[in-house]
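Colleague: With the first letter of the sequence shown counted as 1, position 147 gets the number 147 in UniProt numbering; the numbers rise by one all the way through. Think of the CB as a built atom: it goes at the ideal place given N, C-alpha and C, for glycine as much as any other residue. Keep in mind the model is a prediction, meaning the values are calculated, not measured. Just passing along the structure, written as structure tokens.
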Amino acid sequence: MKIGVSRSTVREALRLLASQHLIVTTRGVTGGSFVAHPDAGQLADGLSTGFALLTHSNGVGLADLLELRRALEVPAAGLAAVRRTEAHLIELRGALFDPALDDFDTMLAAHSVFHRALAKATGNPLFELVGRPLYQASYGEEVVAALPEGYWARIDADHRELLELLAARDAEGATRAAAQHLDYIALAVTVR
């Protein structure tokens, strides 16, 4: 069958698909190129790359990021309260930090881990997949350098409150706390 495409073009297309882990190519009598079974980590990495490119363009800013986080995290908190397991609670506890002792990088990393663990506690892997790029995004040095005094103490308190609400299986309270947490972040990073 002829499709009007050169062999080198087909080879390059297959190489590109393989580099993105979308196909697997095997050699031999029964070889060929086959659609790969998606791996959540690889898919999330691809989303992270695309997300990073978008957030560094002129059209997407911090307000857009926070709007998307609100759309995902608020309902995720309610789902996590209903669906969480003891293992999820342990993972969330492990992501807490101490603002009086921990340095900036530790707190920033813990914040990301906490929100990824919260997404995982929903029991829906799509929340993890879509949320991961959001928690890997950087606000930019100009934003993090100007955070208000007490910012990390408030973030820590919010995380601890969310954890208590999840442990109590309080979906309404967790949803409300997640919304207030994101409202605080939006206010803190945009008002100077």
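#1: Once the 5 residues before and after L14 are set aside, which same chain residues still bring their CB inside 8 Å of it?
#2: Quick one: using the 10 Å Cβ neighbour count with 16 as the cut-off for buried, is D156 buried or exposed?
#3: To which residues does DSSP link T25 through a beta bridge?
#4: Could you work out which residue in A87, E73, R160, S19 is closest to D98 when comparing CA atoms only?
#5: Could you check what DSSP says for A100 in three-state terms: helix, strand or coil?
#6: Do A167 and L118 count as a contact pair if the criterion is CB distance below 8 Å?
#7: Which of the three DSSP states, helix, strand or coil, is assigned to R192?
#8: Hey, would you say E68 sits closer than 8 Å to V189, going by beta carbons?
Modeller: Per the coordinate set shown:
#1: Non-local beta-carbon contacts of L14 in its own chain, meaning distances under 8 Å to residues more than five positions away in sequence, involve I23, T25, S33 in chain order.
#2: Buried, since its Cβ has 16 or more Cβ neighbours within 10 Å.
#3: In DSSP, T25 forms a bridge with S33.
#4: Looking at A87, E73, R160, S19, the one whose alpha-carbon comes closest to that of D98 is R160.
#5: Residue state for A100 is assigned as coil, using DSSP reduced to three classes.
#6: No, these two residues do not count as a Cβ contact at 8 Å.
#7: Caution is warranted here: a pLDDT of 49 is assigned to R192, below 50, making its placement in the model unreliable, and the coordinate value is therefore given only provisionally. Residue state, collapsed to three classes: coil.
#8: According to the sequence displayed, residue 68 carries Leu and not Glu. Contact flag unset, no.
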